[in-house]
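In this text, residue positions in the sequence shown follow numbering that gives the first Met the number 0: the first is 0, and each later residue adds one. Every residue, glycine too, gets a C-beta built ideally from N, C-alpha and C. What follows is a short report on a single structure.
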Amino acid sequence: MLDLSGKNALVTGIANNRSIAWGIAQQLHKAGANLGVTYLPDDRGRFEKKVAELVEPLNPSLFLPCDVQNDDQIRSTFDAIRDKWGRLDILIHCLAFANKDDLSGDFSNTTRAGFTQALEISTYSLVQLAGAAKPLMTEGGSIVTLTYLGGVKVIPNYNVMGIAKSGLEMSVRYLASEMGPANIRVNAISAGPIRTLASSAVGGILDMIHHVEEVAPLRRTVTQTEVGNAASFLCSDLASGITGQVLYVDAGYEIMG
Ligand code: 0WD
C-alpha cells in the first residue's frame, strides 16, 4: 500500500488550484505525508494569502516564502526544516519560468537575459534545492521534478523552456548518480500539457492540448491528480529501486510517431 505517513515533504510551486504542485500536495497529504509548502512571494503579499487559503485544509506544518532566485530565502527555508522537522524525506520541485515573449516566435530571438533567467529559475533551482535538501535527507529521500516532452523533442513555441527542460532532465541524472549512495532518489515526471498559469504563457497551448486529445492512446490529457498520484508513488517505498528516470504521465502521447 502507498503509505507516506511519517514522511516530511516539501512542496514548491503552488500558485493556485490549477497548479500541478497543488495536485501533488493533495495526493501526498492523502497518503499521510507531513507537508511543508513554499510560495513565491510578491510585494503585496497577494500570493501568500491566496496560497495560504488554498493549502489550509492540508494542514502544512511549514509555510514559507521561497523565491528560488533569492539565496537568503532558500537558506531560511531549509533552516526552518532542520529546526522544525529535523529531517526531510521528500522534495517536490514543481516550478519554472520564462518570459512570455520567449515562448513564441523564433527561438533565435531569445535574449541573453531571457535565456539566463529561464535556466536559472527552471533548471538551476533543482540543483540548488537538491543540494540544500541533501544534508537533511539523513534517512534517504526522494526528489521529484516536473519536465515536459519539449525538453526532448521540438514542440512549437516551447523554445527556451525546451532547453531548460533538457538541462533539467540531465540534472536529474547527475543528481541521482551523486546522491544514490545516500539512498536519495531523484526522478522527473514528464507531464502531458495541462492548463495552468505557467502553460498559458506558451503560445498555442490550447491547440497542443486538443492535438493530444486526438492523438494520445488514452485520447485525453492528464489531470493534476494523476500527476500527483505518480509523484506519490515515486516518493514512496514502492519506488525504492527507481532513480535517475523520467516517468511520462501524458496519457501515452510520447510513444506516438
Ligand atoms: O502543461 C503543463 N502545465 C506542464 C507543466 C506540462 C509539463 C510540465 N510542467 C511543469 C512546468 O514547466 C513547471 O516546472 O510543471 C511545473 C509546474 O508548472 P504548472 O503547474 O503548469 O504552473 P503554475 O501553476 O504556474 O506553477 C509554476 C509556479 C509559478 O507560478 P507563476 O505562474 O506565478 O510563475 O512556479 C513558481 C510560481 O509559483 N515560480 C517560482 N517559485 C519560486 N521562485 C519562481 C521563482 N523564482 N518562478 C515561478
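- The segment 26–43 makes contact with the segment 222–237, as at least three CB pairs between them are under 8 angstroms.
- Here residue 97 has 117, 159, 160 as same chain residues with Cβ atoms under 6 angstroms from its own Cβ, once five neighbours each way along the sequence are excluded.
- Per DSSP, the unbroken beta strand (DSSP E) holding residue 144 starts and ends at 140–146.
- Annotation for residue 165: the continuous alpha helix (DSSP H) segment containing it runs 158–178.
- The segment 33–41 and the segment 55–71 touch, with three or more beta-carbon pairs separated by less than 8 angstroms.
- When the beta-carbon positions are compared, residue 190 and residue 153 stay at least 8 angstroms from each other.
- Judged by DSSP in its simplified three-state form, residue 108 adopts helix.
- In this structure residue 19 is not in contact with residue 125, their Cβ atoms being roughly 15 angstroms apart against a cut-off of 8 angstroms.
- Residue 105 and residue 254 have their C-alpha atoms some 27 angstroms from each other.
- Within the segment 179–228, the runs of beta strand (DSSP E) that reach at least 3 residues and sit entirely inside it are, in chain order, 183–190.
- The DSSP-derived three-state label of residue 77 is helix.
- Within 7 angstroms of the C-beta of residue 76 there is not a single heavy atom belonging to ligand 1.
- For the 8 angstroms CB-CB criterion, residue 83 and residue 60 form a contact.
- The straight-line gap separating the alpha-carbon atoms of residue 139 and residue 108 is approximately 43 angstroms.
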